[in-house]
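> A single structure is presented below for examination.
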Amino acid sequence: MNAYSPSVRHDAVMLMRRGVPNRDVAELLGVPRGTVGWWRHQDRKQRGEVFTQPTDCPSCTGRTFDHSAYAYLLGLYLGDGHIISKPKQHHLSIFCADAWPGLIDEAEAAMRKVMALPSVKRRHKKGCAEVKSYTKHWTCLFPQHGPGKKHDRVIALEPWQQEIVDAYPWKFIRGLFHSDGCRITNWTTRIVAGERKRYEYPRYFFTNKSDDIRKLCSDTLTAVGVEWTTLARGSDPFNISVARRASVALMDAHVGPKY
40 MNAYSPSVRH DAVMLMRRGV PNRDVAELLG VPRGTVGWWR HQDRKQRGEV
90 FTQPTDCPSC TGRTFDHSAY AYLLGLYLGD GHIISKPKQH HLSIFCADAW
140 PGLIDEAEAA MRKVMALPSV KRRHKKGCAE VKSYTKHWTC LFPQHGPGKK
190 HDRVIALEPW QQEIVDAYPW KFIRGLFHSD GCRITNWTTR IVAGERKRYE
240 YPRYFFTNKS DDIRKLCSDT LTAVGVEWTT LARGSDPFNI SVARRASVAL
290 MDAHVGPKY
């Protein structure tokens, strides 16, 4: 372990007290950033200074934020997202399959538009990417967070969230279908003039175990004029289907296939 003279530590502390960032102090004095950070922590502790992490949380600061991006991010969160909120670990995670790099980019962009200050990183796993934004304030914006799985607890929007969904219903629908939905091509056969012919047609599915989340999806679809039906998986009605031509055309115009 490298030892640094008291004068180097003193110079580092003086620079940091003047507002010089840790990384700049480290580069200037040739000291690892971790060491500089520890010196800052010790200096604050000795002076009784309480450090408060800066935040741009709309709920805590009252600032305006991008409601369109939030509606999309809310859909992603309710589908394939979760929040970790522990004493020393706070982040929002959205999972996206590697097959859809555009969705990974959109998830990250939406996080940054809603809250720009938290760091955002991508953690690649087998077959998917986890987009993570690090701040404890995501629980302020997603009060649906709680212990256990989403389908085991009540999921209801706060009035201010419902107002945003009402204002940007297609963004919310797009987030839901980009997380737990898909666009597929179905086919069937018909007898025409004595000959069996194959017909193909597009169809959208949204699949989620939570009755509450499926209702949020179906209510919003109805609000924008999309006709839908419920399909059971075995005895469980986990699927919302959109198959009528006019409704599929609306979905193609506002949601589209994953990319």
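Here this note's numbering is used: the first residue of the sequence shown is 40, the next is one more, and so on. Glycine residues also receive a C-beta, built at the ideal position from the N, C-alpha and C atoms.
Report yes if the C-beta distance between residue 167 and residue 215 is below 7 Å; otherwise report no.
Walking along the sequence shown from the start, residue 167 turns up at place 128. Walking along the sequence shown from the start, residue 215 turns up at place 176. No, the Cβ-Cβ distance between residue 167 and residue 215 is not below 7 Å.
> Using C-beta distances below 8 Å, list every residue in its chain close to residue 224, excluding the 5 sequence neighbours before and after it, in chain order.
Position 185 of the sequence shown, counted from the start, is the residue given in the question as residue 224. The answer, listed in chain order, is 239, 240, 241, 242.
> On the three-state DSSP scale, how would you describe residue 131?
Start at 1 with the first residue of the sequence shown, and residue 131 comes out as number 92. Strand at residue 131.
> Start and end of the beta strand (DSSP E) containing residue 168?
Numbered from 1 along the sequence shown, position 129 holds the residue referred to as residue 168. First-last of the beta strand (DSSP E) with residue 168: 167-173.
> Which same chain residues end up closer than 7 Å to residue 65 when comparing Cβ atoms and leaving out the 5 residues on each side of it in sequence?
Position 26 of the sequence shown, counting from 1, holds the residue named residue 65. Around residue 65: 71, 72, 75.
> Just mark residue 93 as buried or exposed, buried being the case when its beta carbon has 16 or more other beta carbons within 10 Å.
Numbered from its first residue, the sequence shown carries residue 93 at position 54. The residue is exposed, with fewer than 16 neighbouring Cβ atoms inside 10 Å.
> So, is residue 88 buried or exposed, given that buried needs 16 or more other C-beta atoms within 10 angstroms?
Counting from 1 along the sequence shown, the entry for residue 88 is found at position 49. Counting Cβ neighbours within 10 Å, residue 88 comes out exposed, since fewer than 16 surround it.
> Between 211, 55, 234, 147, which has its C-alpha nearest residue 258's C-alpha?
Working through the sequence shown from its first residue, we reach residue 258 at position 219. Residue 258 has its Cα closest to that of 211, out of 211, 55, 234, 147.
> Report all residues from its chain with a CB closer than 7 Å to the CB of residue 151; omit the five preceding and five following residues, and keep chain order.
Residue 151 sits at position 112 when you count from the first residue of the sequence shown. Excluding positions up to five away in sequence, the list reads 159.
> Beta-carbon within less than 8 Å of residue 161's beta-carbon, same chain only, minus the 5 sequence neighbours each way: which residues are those?
Counted from its first residue, the sequence shown places residue 161 at position 122. Contacts found: 143, 147, 168, 169, 170, 171.
> How many angstroms separate the CA atom of residue 132 from the CA atom of residue 116?
One-based indexing of the sequence shown puts residue 132 at position 93. One-based indexing of the sequence shown puts residue 116 at position 77. So the two alpha carbons sit approximately 8 Å from each other.
> Once you ignore the five residues that flank residue 135 on each side, which residues in its own chain have a CB closer than 7 Å to its CB?
To locate residue 135, count along the sequence shown from 1; it is residue 96. Contacts found: 142, 143, 146, 167, 168, 170.
> For residue 126, which option in 61, 174, 189 has the closest C-alpha, if you only look at C-alpha atoms?
Taking the sequence shown and counting its residues from 1, one reaches residue 126 at position 87. Answer by Cα proximity: 174.
> Are the Cβ atoms of residue 268 and residue 249 separated by less than 7 Å?
What you label residue 268 is simply residue 229 of the sequence shown in a count that begins at 1. What you label residue 249 is simply residue 210 of the sequence shown in a count that begins at 1. No; because the gap between Cβ atoms is not below 7 Å, this pair is not in contact.
> State the beta-bridge partners of residue 10 as determined by DSSP.
Given a span of 40 to 298 for the chain in the structure shown, any question on residue 10 remains unanswerable.
> Out of 78, 107, 209, 246, point me to the one whose CA is closest to residue 271's CA.
The residue you call residue 271 lines up with position 232 of the sequence shown. Comparing Cα positions, the closest option is 246.
> What would DSSP say about residue 52, mapped onto helix, strand or coil?
As a first step, residue 52 is located in the sequence shown; it is residue number 13 there, counting from the start. In the structure shown, residue 52 sits in a helix (DSSP, three-state: H, G or I).
> Determine the DSSP secondary structure at residue 44, reduced to helix, strand or coil.
Along the sequence shown, read from residue 1 onward, the residue named residue 44 stands at position 5. Of the three classes helix, strand and coil, the one that applies to residue 44 here is coil, per DSSP.
> Report the three-state DSSP secondary structure of residue 176 (helix, strand or coil).
For the purposes of this step, residue 176 is taken as residue 137 along the sequence shown, with counting starting at 1. If DSSP states are grouped into helix, strand and coil, residue 176 belongs with coil.
> Going by beta carbon distance, what residues of the same chain come within less than 8 Å of residue 61, once the five residues before and after it are set aside?
Position 22 of the sequence shown, counting from 1, holds the residue named residue 61. Cβ within range, chain order: 55, 72, 75, 76, 79.
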